[in-house]
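**Student:** The structure under discussion is supplied below as structure tokens; questions concerning it will follow.
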Amino acid sequence: MVPITTLHYLVVAAALFVLGVIGVLTRRNVVVVLMSIELILNAVNLNLVAFSRVWGLHGQIFSIFVITDAAAEAAVGLGILIAFFRNKETVNVDEVDLLKW
Amino acid sequence: MLHLALFTIFGAVAVAGAVNLLVQRHPINSALSLIAVMASLSVEYLLLGAEFVAAVQVIVYAGAIMVLFVFVIMLLNAGEEELTRGSRVAILVGIPGVLIGAVLIAWTLVQHSGTGEVAIGALPGRPETIGWLLFHDFLLPFEVTSILVLIAIMGAVVLAGRPVPTSQQPRKEA
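Line by line, the protein sequences are chains A and B.
All residue numbers for the first sequence refer to my numbering, where the first residue is 26 and numbers rise by one.
All residue numbers for the second sequence refer to my numbering, where the first residue is 144 and numbers rise by one.
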């Protein structure tokens, strides 16, 4: 039987992080891109909590701050998305070209 | 033994949910698999002893944020996503990039392996200790975060609200 070390949690967090990066880079729908960003933030949280087991509670405090930032980011991002959809009737990333000159 | 079983099951559920998020074409299916990822991650937090973070994860992430996402998906009536053919630059740069990133992560993890065994039980992250730290050592960041959330609320209301008629346009009531 293998004892579970911090390394095991880091492997899970790395897998979630890589999957989130792939989602951000490959998907076209803005909502799915935002959800992939949430996945990346979750991987960071798992890292922080896993290290806080070894080096004290400050990692858990940081993960709470990260969760708060993720909530603010989701609110503002989805607000921008609704405002954009009202103008251009699309949610695809490659059709968002209002700033292209 | 219990620790190993719980970690393996919920870690596998988390990674499988993340893969499903990428594979599914309809955004509502992606949102539901993301909820599964977050719920299983909260079990992992409980295994690590972070009681309070696990509760916050379920309440804020799987509750509030995902409700917001599902609500916006329903509101925008976003259908299935059509695939593009992709570009050659993305294949030429992306696949070596993914390989280099995977090797770097694996190398770092192997170099720093054995960073401490994690025992189940004896939970250190109780709400009272977290609260004590938040309101003593981290009081200033806590207050700054509250201002950040306030600004985010106002920004979301301004962005998503009904567009205000500007003064140049003739108003109907006038």
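All C-beta atoms in this analysis are idealised placements derived from N, C-alpha and C, irrespective of residue type, glycine included.
#1: So the alpha helix (DSSP H) A/R52 belongs to, where does it begin and stop?
#2: B/L184 CB to nearest chain A CB: under 7 Å?
#3: Are the Cβ atoms of B/G160 and B/S176 separated by less than 7 Å?
#4: Looking at the structure shown, is B/N220 part of a helix, part of a strand, or coil, going by DSSP?
#5: Given 8 Å as the limit, is there contact between the segment 177-196 of chain B and the segment 220-230 of chain B, that is, 3 or more CB pairs closer than that?
#6: Establish whether the CB of A/L66 and some CB of chain B are separated by less than 7 Å.
#7: Assign A/T31 to one of two classes, buried (16 or more other C-beta atoms within 10 Å of its C-beta) or exposed (fewer than that).
#8: Quick one: what does DSSP say A/T30 is sitting in, helix, strand or coil?
#9: Please report the residue range of the alpha helix (DSSP H) in which A/I86 lies.
#10: Please tell me whether A/I29 has its Cβ less than 7 Å away from any Cβ of chain B.
#11: Is any beta-carbon of chain A found at less than 7 Å from that of B/H146?
#12: Does the beta carbon of B/S176 come closer than 7 Å to any beta carbon on chain A?
#13: Any contact between the segment 185-194 of chain B and the segment 240-248 of chain B? By contact I mean 3 or more CB pairs, one from each, below 8 Å.
#14: Taking only beta-carbon positions, decide if A/F110 is within less than 7 Å of chain B.
#15: So which of A/N67, A/V46, A/L41 has the shortest CA-CA distance to A/V58?
#16: For chain B, is any of its Cβ atoms less than 7 Å away from the one on A/N72?
#17: What residue range is occupied by the uninterrupted alpha helix (DSSP H) comprising B/R231?
#18: Assuming B/F285 is part of the alpha helix (DSSP H), what are its boundary residues?
#19: Specify, as a first and last residue, the run of the alpha helix (DSSP H) that B/Y188 falls within.
#20: At a CB-CB cut-off below 8 Å, which residues of chain B make contact with A/I89?
#21: On a CA-only basis, which of B/G274, B/G206, B/L145 is nearest B/E187? Give me that one, please.
#22: Keeping to the same chain, check which residues put their C-beta closer than 6 Å to that of B/P306; ignore five residues upstream and five downstream.
#23: Could you tell me which chain D residues have their CB closer than 7 Å to the CB of B/S173, listed as they occur along the chain?
#24: For B/I171, which residues from the same chain have a beta carbon less than 6 Å from its beta carbon, with the 5 sequence-adjacent residues on both sides left out?
#25: Taking A/L66 as the reference, which of A/D119, A/A40, A/V79, A/R78 has the closest Cα?
#26: Indicate whether at least one CB of chain A lies closer than 7 Å to the CB of B/V210.
#27: Measuring only the C-alpha atoms, how far is A/I89 from A/S77?
**Tutor:** Quick answer:
#1: By 1-based counting over the first sequence, the position of residue 52 of chain A is 27. Neither: A/R52 is in no alpha helix (DSSP H) and is coded neither H nor E.
#2: On the second sequence, residue 184 of chain B is found 41 positions in, with the first residue counted as 1. Chain A contact via Cβ: present.
#3: Residue numbering aside, residue 160 of chain B sits at position 17 when the second sequence is read from its first letter. Residue numbering aside, residue 176 of chain B sits at position 33 when the second sequence is read from its first letter. Result yes, Cβ atoms of B/G160 and B/S176 sit closer than 7 Å.
#4: Taking the second sequence and counting its residues from 1, the one referred to as residue 220 of chain B is at position 77. The answer is coil: DSSP assigns B/N220 none of H, G, I, E or B.
#5: Fewer than three beta-carbon pairs drawn from the segment 177-196 of chain B and the segment 220-230 of chain B are found closer than 8 Å, and the two stretches are therefore not classed as touching.
#6: Residue mapping note: residue 66 of chain A aligns to position 41 of the first sequence, counting from 1. The C-beta of A/L66 comes no closer than 7 Å to any C-beta of chain B.
#7: If you number the first sequence from 1, residue 31 of chain A lands on position 6. Counting of Cβ neighbours within 10 angstroms places A/T31 among the buried residues, the total reaching 16 or more.
#8: Taking the first residue of the first sequence as position 1, residue 30 of chain A is located at position 5. Strand at A/T30.
#9: Indexing the first sequence from 1 puts residue 86 of chain A at position 61. Counted as a single uninterrupted DSSP element, the alpha helix (DSSP H) harbouring A/I86 occupies residues 83-113.
#10: Taking the first residue of the first sequence as position 1, residue 29 of chain A is located at position 4. Yes, A/I29 lies at the interface with chain B (some Cβ there is under 7 Å from its Cβ).
#11: Here residue 146 of chain B refers to the residue found at position 3 of the second sequence. For B/H146, at least one C-beta of chain A is nearer than 7 Å to its own C-beta.
#12: Counting from 1 along the second sequence, the entry for residue 176 of chain B is found at position 33. Not one chain A Cβ lies under 7 Å of B/S176.
#13: The segment 185-194 of chain B makes no contact with the segment 240-248 of chain B, as fewer than three CB pairs between them are under 8 Å.
#14: Taking the first sequence and counting its residues from 1, one reaches residue 110 of chain A at position 85. Among the CB atoms of chain B, one or more fall inside 7 Å of the CB of A/F110.
#15: Reading the first sequence from its first residue, position 33 is the one you call residue 58 of chain A. Nearest option by C-alpha distance: A/V46.
#16: Indexing the first sequence from 1 puts residue 72 of chain A at position 47. At a cut-off of 7 Å between beta carbons, A/N72 makes no contact with chain B.
#17: Here residue 231 of chain B corresponds to residue number 88 of the second sequence, with the count starting at 1. According to the DSSP assignment, B/R231 belongs to the alpha helix (DSSP H) that extends over 231-254.
#18: As a first step, residue 285 of chain B is located in the second sequence; it is residue number 142 there, counting from the start. Start and end: 282-303.
#19: Taking the second sequence and counting its residues from 1, the one referred to as residue 188 of chain B is at position 45. Annotation for B/Y188: the continuous alpha helix (DSSP H) segment containing it runs 170-190.
#20: On the first sequence, position 64 is the one that residue 89 of chain A refers to. Contact note: A/I89 reaches chain B through F195, V196, V199, I273, L277, using a C-beta cutoff of 8 Å and chain order.
#21: Here the question's residue 187 of chain B lines up with position 44 in the second sequence. Ranking B/G274, B/G206, B/L145 by CA distance to the CA of B/E187 puts B/L145 first.
#22: Along the second sequence, read from residue 1 onward, the residue named residue 306 of chain B stands at position 163. Nothing meets the Cβ criterion.
#23: Here chain D cannot be found, since the structure's protein chains are A and B.
#24: Within the second sequence, numbered from 1, the residue matching residue 171 of chain B stands at position 28. Closer than 6 Å at Cβ, skipping near neighbours: I216.
#25: As a first step, residue 66 of chain A is located in the first sequence; it is residue number 41 there, counting from the start. The shortest CA-to-CA distance from A/L66 to any of A/D119, A/A40, A/V79, A/R78 is the one to A/A40.
#26: As a first step, residue 210 of chain B must be located in the second sequence, where it is residue number 67. Not a single CB atom of chain A sits nearer than 7 Å to the CB of B/V210.
#27: Sequence index remark: in the first sequence, residue 89 of chain A carries index 64 (1-based). Sequence index remark: in the first sequence, residue 77 of chain A carries index 52 (1-based). Rounded to whole angstroms, the gap between the alpha carbons of A/I89 and A/S77 is 12 Å.
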